[in-house]
Amino acid sequence: MNLALWVASGLLGLAMLAAGGTKLVTPRLELMQKMHWAKEWSDGGVKLLGLAEVLGSVGLIVPQATGIAPVLTPVAAVCLVVLMLGAVKIHADLKEPVVAPAALALVGAFIAIGRFGVL
325 MNLALWVASG LLGLAMLAAG GTKLVTPRLE LMQKMHWAKE WSDGGVKLLG LAEVLGSVGL
385 IVPQATGIAP VLTPVAAVCL VVLMLGAVKI HADLKEPVVA PAALALVGAF IAIGRFGVL
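Here it is, written out as structure tokens:
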């Protein structure tokens with residue numbers, strides 16, 4: 325089970341790092357061409373979302389890997405689940421596919437449950 329949790333954490337961490345990093349370094353006007361939801365968000369809101377995703381990705385790996393406050397790993401997973409459920413709602417409202425954020429939310433839930441010791 326531990327190996328599955330590490331693989332899931334790595335995959336979700338990479339996905340969130342890539343998504344969040346993109347939001348942090350790409351101007352909102354450029355993001356709006358492919359991410360229609362960004363039209364409704366301020367520059368600061370997009371950057372804050374990107375920061376949350378990057379910090380969540382770090383929180384999935386670093387506490388568990390270092391043994392320093394490992395309880396933060398499932399907390400980070402829960403936070404990413406909440407973010408992804410918000411993404412599902414936003415994409416559904418825009419009549420866009422919701423499979424990717426829903427799948428990421430499920431992976432995050434698996435990590436949270438596993439790292440909280442429920443599995």
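Under the numbering used here, the first residue of the sequence shown carries the number 325, and numbering increases by one thereafter. All C-beta atoms in this analysis are idealised placements derived from N, C-alpha and C, irrespective of residue type, glycine included. Predicted model only: the values in this text are computed from it and were never measured.
Report the option in Leu341, Ala343 and Ser366 whose CA atom is closest to the CA atom of leucine 353. Mapped onto the sequence shown, residue 353 falls at position 29. That would be Ser366, whose Cα lies nearest to the Cα of leucine 353.
Less than 8 Å between the CB atoms is what I'm expecting for valine 412 and alanine 401, so what's the real figure, rounded? Residue numbering aside, residue 412 sits at position 88 when the sequence shown is read from its first letter. Residue numbering aside, residue 401 sits at position 77 when the sequence shown is read from its first letter. At roughly 16 Å, the Cβ-Cβ gap does not stay under 8 Å, so valine 412 and alanine 401 are not in contact.
Find out if the Cβ-Cβ distance for the pair leucine 348, valine 386 is shorter than 8 Å. For the purposes of this step, residue 348 is taken as residue 24 along the sequence shown, with counting starting at 1. For the purposes of this step, residue 386 is taken as residue 62 along the sequence shown, with counting starting at 1. No, the Cβ-Cβ distance between leucine 348 and valine 386 is not below 8 Å.
Between which two residues does the alpha helix (DSSP H) carrying threonine 390 extend? Your numbering for residue 390 matches position 66 in the sequence shown. 367–390 is the span of the alpha helix (DSSP H), which, as asked, contains threonine 390.
With a threshold of 7 Å on Cβ separation, who are the neighbours of lysine 363 within its own chain once the five nearest residues in sequence on each side are excluded? For the purposes of this step, residue 363 is identified with residue 39 of the sequence shown, where counting begins at 1. Closer than 7 Å at Cβ, skipping near neighbours: Met356.
Would you decide whether glycine 369 is buried or exposed? Buried here means 16 or more other CB atoms lie within 10 Å of its CB. Within the sequence shown, the letter at position 45 stands for residue 369. So glycine 369 ends up on the exposed side.
At the level of alpha carbons, what is the spacing between alanine 328 and glycine 337? Here residue 328 is taken as the residue at index 4 of the sequence shown, counted from 1. Here residue 337 is taken as the residue at index 13 of the sequence shown, counted from 1. If you take the alpha carbons of alanine 328 and glycine 337, they lie about 14 Å apart.
For methionine 359, which three-state DSSP category applies? Numbered from 1 along the sequence shown, position 35 holds the residue referred to as residue 359. Coil at methionine 359, not helix or strand.
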